[in-house]
Amino acid sequence: MKSIVVSAPGKLILLGEHSVVYDRPCLVTAVGQRMRVKVELSNEAEFQLEAPDVQVVGYKKSISELGKGEVPKGAKFVEFAVKNFAEKYPFKQGLKIETTSEFSSKLGFGSSSASTVCVIKALSELMNLKLSSKEIFDLAYKTVLDIQGKGSGFDVAAAVYGGTLYFVTGGKVIEPLQVDSLPMVVGYSGVKADTVTLINQVKERMLKEPEVIENIYNQITLLVEEAKKQLLKKDWQKFGDLMNKDQVCLRQLGVSTDKLDAMTNGAVQAGAYGAKLSGAGGGDCMIAFAPLEKREEVAKNIEKAGGEVINIETNVEGVREEK
Ligand code: PMV
-12 MKSIVVSAPG
-2 KLILLGEHSV
8 VYDRPCLVTA
18 VGQRMRVKVE
28 LSNEAEFQLE
38 APDVQVVGYK
48 KSISELGKGE
58 VPKGAKFVEF
68 AVKNFAEKYP
78 FKQGLKIETT
88 SEFSSKLGFG
98 SSSASTVCVI
108 KALSELMNLK
118 LSSKEIFDLA
128 YKTVLDIQGK
138 GSGFDVAAAV
148 YGGTLYFVTG
158 GKVIEPLQVD
168 SLPMVVGYSG
178 VKADTVTLIN
188 QVKERMLKEP
198 EVIENIYNQI
208 TLLVEEAKKQ
218 LLKKDWQKFG
228 DLMNKDQVCL
238 RQLGVSTDKL
248 DAMTNGAVQA
258 GAYGAKLSGA
268 GGGDCMIAFA
278 PLEKREEVAK
288 NIEKAGGEVI
298 NIETNVEGVR
308 EEK
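For the sequence shown, my numbering assigns the number -12 to the initial residue and increments by one for each residue that follows.
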């Protein structure tokens, strides 16, 4: 039967995390480690999934039961993506799906969103619907919200469009920015962060001290707008200053950790233009922008602070069919 292999990139947010959940902008880049999904049509009206990277092996369900009953954590995004697709564009065939990831789900590169995007793109091609990027984004973002209840969708946009994007909550604006590559060094903190827990933590503070949080979000928004300009000019020194200021805001929000602070401070001391946590905070990764001749020293300092340096390409292509 007909089959297709599709891949989509992971992401790292450059500036604007947290405030982007509340109708504000962020900057995000797609990274060169990809999620791969093979979808094969079959005659039995059954959904079969193999996702060994997230301990899902030999998982089967009838198409009419999708989304019902107990769904294993590792199967959720793929299963709900198929369910949402089938509700909008009904089909009769069964599906055999296999997912593999070039990156560990612990890094916070957005493996769930990337696999959701892959499934929708694959089904769109297999059913000859040729959905546009925005249609794929909308269906994938709906899927993420159905499962997580929260999130701006910036990770979904990075997986669909690739490159480096200026993005506003829910895809109100998705603007690709013309840059070749970014002078980025990435450090993993060794701690897995839970995005929804951190969003809720900030929300609780917002209920108690709305003005304080609103004020921080306003500052972050100004930093993002300025950073967009400097990114287009490739003025990495100015961009780095804005990253440092954003890190101060994130510390005020209460989402940084001693380890992330030590890693970012170490990077700046070694001559990085700037450094900050990337993502929800609480763990996952930090990023530094650094001149070529300082990269090695920056990497060393990140490791001294207990981080693991991850070599990664930035600004890579979005979801695509693999021939
Ligand atoms: O933890 P990550 O990398 O998924 O990033 C979360 C960024 C937030 O702004 C906190 C949430 C969101 O969906 O935008």
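Using N, Cα and C, we set each Cβ at its ideal position, and we do this for glycine too.
Straight through space, the alpha carbons of Lys108 and Asp142 are spaced by roughly 15 Å. Counting only residues of its own chain and dropping the five nearest sequence neighbours on each side, Lys281 has a CB closer than 7 Å to the CB of Ala257, Gly258, Ala259.
Between Ala145 and Asp271, the gap from beta carbon to beta carbon reaches 8 Å or more. Its Cα nearest to that of Cys13, the residue Glu213 stands out among Glu283, Gly268, Glu213, Asp248. When only Cα atoms are considered, Val160 and Tyr153 end up about 7 Å apart.
Bounds of any beta strand (DSSP E) do not take in Thr244, whose DSSP letter is neither H nor E. Annotated three-state conformation of Val58 is coil, per DSSP. Cβ neighbours of Lys225 within its own chain (closer than 6 Å, five residues either side excluded): Gln217. Annotation for Tyr76: Met114, Leu116 place their beta carbon closer than 7 Å to its own, counting only its chain and skipping 5 residues before and after. The residues Phe34, in chain order, have a CB closer than 6 Å to that of Lys48 in the same chain once the five nearest residues on each side in sequence are set aside. Contact annotation, Leu53 with Lys70: C-beta distance approximately 4 Å; criterion of less than 8 Å satisfied. With a beta-carbon spacing of about 14 Å, Met230 and Gly268 fall beyond the 8 Å limit used to define contacts. DSSP places Gln256 in the helix class (H, G or I) of the three-state scheme. Contact annotation: the segment 274 to 288 does not touch the segment 184 to 199, with fewer than three C-beta pairs closer than 8 Å. Below 8 Å, too few C-beta pairs join the segment 57 to 68 and the segment -1 to 18 to call them touching: fewer than three. When secondary structure is reduced to three states using DSSP, Tyr9 falls in the coil class, being assigned neither helix nor strand.
DSSP, read as helix, strand or coil, puts Phe96 in coil.
Here Gly45 is exposed, its C-beta having fewer than 16 other C-beta atoms within 10 Å. Under DSSP, Leu(-1) takes part in a beta bridge, and its partners are Thr16. Considered as a whole, the segment 111 to 139 harbours no complete run of any beta strand (DSSP E) with no fewer than 3 residues.
Here the distance from the Cβ of Glu201 to the nearest heavy atom of the ligand PMV is not below 7 Å.
Taking the Cα positions, Glu283 is about 28 Å away from Leu210. Fully enclosed alpha helix (DSSP H) runs of no fewer than 4 residues occupy 182 to 195, 197 to 220 of the segment 147 to 228, in order along the chain. Under the three-state reduction of DSSP, Val285 is assigned to helix. Residue environment: Lys263 is assigned as buried (16 or more neighbouring CB atoms within 10 Å of its CB, all protein chains considered). For Leu194, the Cβ stays outside the 7 Å cut-off from all heavy atoms of the ligand PMV. Taking 7 Å as the cut-off, one finds at least one heavy atom of the ligand PMV near enough to the beta carbon of Glu4. When the Cα atoms are used, Lys310 and Ser(-10) turn out to be separated by approximately 11 Å. Per DSSP, Lys310 lies in no alpha helix (DSSP H) and is assigned neither H nor E.
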